[in-house]
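Chains as they are written, first to last, in this note's numbering: chain A, 617 to 909; chain B, 2 to 252; chain C, 2 to 251. Glycine is no exception: its CB is placed at the ideal position from the N, C-alpha and C atoms. Note that the structure is predicted; figures quoted are calculated from it, not measured.
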Amino acid sequence: MADTTQREGLATDAAAVLDAAVADIPPSEASRPPGSRLKALFEKKWFLRLVVYGGILLVFQIIAMRQGPFFLPTIPDILAGIVELFAEGYIAVMGPTLQQLIVGFFLAMAIAIPLGVLMGRYGFWEDVLAPWVNTIYVTSKESLLPILILIFGLGFGYRVMVVVLFAVFFPIINTAAGVRYVERELRETAEAFATPPGRMVTRVYLPAAAPFIVAGIRMGLAMAIKGMVIAEIWVYIGTGELLTAFTLSPRRLDLYYALATVIIVVAVTANALLKLAEQRLRPYSKLQRQEAA
Amino acid sequence: MNRPLHVKLFRWSMSIGVFFLLWEIVGRSGKFISIVPPTEVIPELLEMLTEGDILVAARSTLALAATGFVIGAVVGVSTGAWMAASPRVAAVLDPIVSASFSVPFAIFIPVISIYLGLEFTAKVVLVVLFNVFIININTATGIREVPAGPKEMARSVETSRIDMYRKVILPWASPHIITGLRLGVGRSVQGAILADLFLRAQALGLLIVDAQGRFDIPRLLAAVFFVTILAAGVMGIARLIEWKILAWKRA
Amino acid sequence: MSKSFPRQGDGGLLRVLNDVNITLEERTFTCLVGPSGCGKSTLLRIIDGLMAADTGEVRIGGEVVTSPSLDRGFVFQHFNLLPWRTVQGNVEFGLENLGVKKDERRAKASEIIKLVDLEGFESYYPGQLSGGMQQRVGLARALAVDPSLLLMDEPFGSVDDQTRMLLQEELLNIWERDQKTVVFVTHDIEEALYLGDHVVVMRARPSKISRVIDVPFGRPRVDKVRGSPEMARLKQEIWDELKTGATVEG
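Next comes the structure, spelled out in structure tokens:
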């Protein structure tokens, strides 16, 4: 039961967001003969978003101009800040940060996917590992940071392990769900056709479970980034240190927002790339997602 | 593929037992100075429980989680319903909801204190940020997935818009919404612990930070252990409540 | 009082109905038969007011139909029961919108439930009922508001053959009582002939009315009619009609 409801949540996480982002305003609304050209414009998504988000940026700018840079930097300030980050070399601090992220992420995948396969394929492994996966998944992983510090100190190892801790759960759960799906639906069929074990893996398991696995990897990456930032903020090193430092004295909110923007861009881009990969697998993945839900 | 319950229970206990055994062995070997065996941690935990501080702290953090949950639930369900009902609102708010999955909100921790202080308000906001998106998405999906048939039926007997929501749409979507709320409970607890650790160490967070500062490792491990069990316990209760509420679906 | 519907319906980008003109007499049982995609379900919904026609209009008793009304009952192919309500609760659904008081509702619903032969099942949930029973609930719900027009969209399409024949008989028994005007959509030719006073044959692409056949069998219908040579002849006629329609666009 535990995995079903978690899968519900995860399927909802990944699938619903995917659907919501991809679906368009229903054609019946859009193709209604417009009373005027202006009204039709209000049906277009990009226009609505432009108006609303543009408005928000405008309000941001106005408040910034009135309250002053100690409270809120103006948008030109933030943009100049981005330039300054690069020019002054602050941005270099992201180097080791990203390095840890990548190492941690791949390490997490290397651990998570095999574990997921084991858990999905063999009831034994699911039973043995389930208490751990389920308990730590629901608990506050941040509260475990002090323990990681105890074991790994404050250096590279600690930061990598935090990324691993955060990133590892979604891929495990999703991979297990994918493999379970294959077990249920396709295995018998493949066996009936006397498929040799090697082909079973490449022609049956992997393609069928791939959408699940990729979805898990994508969410794992998002969590990895989260872990990376948290790890550094907690012990005041690296990029996290920079972010925090910019909000203290001397307060440079323009640089803070600049750095935050850069991080957001990196995170969203990485996520979008993986989403593209996931969408490539989409044509037959809808069925699997319904299975998962 | 389905194992009987007693087999599962056996394997669970074996797994947990092996872990504690290994922990004990590693702790005693003295190889890692910082790992203290459970035989020292458990008594410490029991002592903390009888002292009572830890329970007071737990209550405080949970109160924070509850407050954030209630606010997040109201905001999440209403915006989710609104987004499901109006494609335009959905078009505007979708990017934010999608972003919430890839953007690490942790980057805003340093700046929350500037705008909202370090006290209760700031912490509640953090908890709400944690739970509102998952509740919103589940609500919106639940409502969107109400099939056309029942809605058509209701229209054929002149059901008013309000009644349509009250009698058809919301009941049909309620399992999804309730699942979302359950997930929101978990997120709220996580958010509250984070807030009590990072924003300003208080309650359970303070216990951990304090023990860390004093290098009182048994106490630190006991506190973390307790927090983990507490979070898992709350989630377990939430799942039970969900199970009970959704009983009619199994009829 | 007669009902006339000259109209043209459009299902989005796909033209579903084209130039449909038909007039019905009240208190008659009319069946619509046609292949999938001929628009018979769409036509039914336009009559009820659930959908709007692009051109033309539906007039009932001189008034134009613009939206659904409690004066018209609709029975759905997939029942569309609310799974969290009991049989009683589902049957009362339409009554609630009439503003009928609780006790009256309960009484009226019980009466109808007895009529469709579900007495004793009032507190059962749809999930506990068979397909045939669920559809009886759907029928009861539509009848409970005492509409003057009853529209049925392949109501027996989701149940097995034997249940279907039983339900057909029961429907006729119920209908004999006060002989409401009924429009019954089906793809089953025999069902159409067994139940109806008139059978309207529709064609697909373009969707239009092909023929209207007056059913010669007397009322009340006897089961023997099913096997009669007359029935076989009419079935063949209609089938031929549908086939020529089908071959027009290959």
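Does the beta carbon of residue i sit closer than 8 angstroms to a beta carbon anywhere in chain B?
i	result
D693(A)	no
L859(A)	yes
N22(C)	no
L71(C)	yes
R914(A)	Residue 914(A) lies beyond the stretch modelled for chain A, which goes from 617 to 909, so this question has no answer here.
F185(C)	no
I853(A)	no
F218(C)	no
L51(C)	yes
I829(A)	no
F122(C)	no
N887(A)	yes
H252(C)	Shown here, chain C extends from 2 to 251; a query on residue 252(C) therefore has no answer.
E758(A)	yes
H79(C)	yes
I767(A)	yes
How about residue i: is its C-beta nearer than 8 angstroms to some C-beta of chain A?
i	result
G187(B)	yes
I178(B)	no
L171(B)	no
L112(B)	Going by the sequence as given, residue 112(B) is Val instead of Leu. For V112(B), the answer is yes, since a Cβ of chain A falls inside 8 angstroms of its Cβ.
A248(B)	no
S35(B)	yes
R4(B)	yes
From the DSSP output, in three-state form, read off residue i for me.
i	result
F21(B)	helix
S159(C)	coil
G118(B)	coil
V200(C)	strand
L759(A)	Looking at the sequence shown, residue 759(A) is not Leu but Ser. Helix.
K842(A)	helix
S14(B)	helix
R106(C)	helix
F772(A)	helix
E146(B)	coil
G152(B)	Per the sequence presented here, residue 152(B) reads as Lys, with Gly not at that position. Helix, per DSSP.
G40(C)	coil
T56(C)	strand
F862(A)	coil
G74(C)	strand
N81(C)	coil
I830(A)	The question names Ile, but residue 830(A) is Val in the sequence shown. Helix, per DSSP.
D693(A)	helix
R240(B)	helix
I114(C)	helix
F782(A)	helix
E247(B)	For the record, residue 247(B) in the displayed sequence is Leu; it is not Glu. Coil.
D147(C)	coil
S647(A)	At S647(A), the pLDDT of 39 sits below 50, so the modelled position is not reliable; the number obtained from the coordinates is stated separately. Reduced to three states, the DSSP call for S647(A) is coil.
Between residue i and residue j, how many whole angstroms is the CB-CB distance? I'm expecting something under 8 angstroms.
i	j	result
G197(C)	C32(C)	4 angstroms
V42(B)	L171(B)	Contact doesn't hold; Cβ gap of about 47 angstroms is too wide.
P747(A)	W13(B)	5 angstroms
V201(C)	I210(C)	6 angstroms
L781(A)	G843(A)	6 angstroms
To which residues does DSSP link residue i through a beta bridge?
i	result
D224(C)	Looking at the DSSP assignment, D224(C) forms no beta bridge with any residue, so it has no partner.
T140(B)	For T140(B), which the question treats as bridged, DSSP gives no partner whatsoever.
F676(A)	Looking at the DSSP assignment, F676(A) forms no beta bridge with any residue, so it has no partner.
V184(C)	T31(C) and L152(C)
V213(C)	V201(C)
Quick check: is the beta carbon of residue i nearer than 8 angstroms to any beta carbon in chain C?
i	result
W244(B)	no
Next on the checklist: By the 7 angstroms beta-carbon criterion, what residues does the segment 228-239 of chain B contribute toward chain A?
Outcome noted: V228, T229, A232, A233 and M236
Item to check | Contact set between the segment 689-719 of chain A and chain B, restricted to residues whose Cβ is under 7 angstroms from the partner | outcome: none
Checklist entry - For the segment 24-49 of chain C, which residues have a beta carbon sitting closer than 7 angstroms to at least one beta carbon of chain B? => result D49
Next on the checklist: So if I threshold CB-CB distances at 8 angstroms, which residues from the segment 717-748 of chain A count as touching chain B?
Outcome noted: G739, F740, D743, V744, L745, A746, P747 and W748
Next on the checklist: Please list, in chain order, the residues of the segment 81-103 of chain C that have any C-beta partner in chain B closer than 7 angstroms.
Outcome noted: N81, L83, W85, F94, G95 and N98
Item to check | Members of the segment 150-169 of chain B that neighbour chain D once the beta carbon cut-off is set at 8 angstroms | outcome: The structure shown contains no chain D; the protein chains it does contain are A, B and C.
Item to check | Contact residues within the segment 865-881 of chain A, judged by C-beta distance below 9 angstroms to chain B | outcome: R867, L869, Y872, Y873, L875, A876, I879 and I880
Checklist entry - Of the residues that make up the segment 203-215 of chain B, which ones have a beta carbon closer than 7 angstroms to any beta carbon in chain A? => result I209 and Q213
Next on the checklist: Can you pull out the residues from the segment 137-156 of chain C whose beta carbon lies closer than 9 angstroms to at least one beta carbon of chain B?
Outcome noted: G139, R142, A143, V146 and L152
Checklist entry - Which of the residues in the segment 672-686 of chain A, read from start to end, lie with their CB under 7 angstroms from any CB of chain B? => result none
Next on the checklist: For the segment 46-68 of chain B, list every residue whose C-beta sits within 8 angstroms of some C-beta in chain A, in sequence order.
Outcome noted: none
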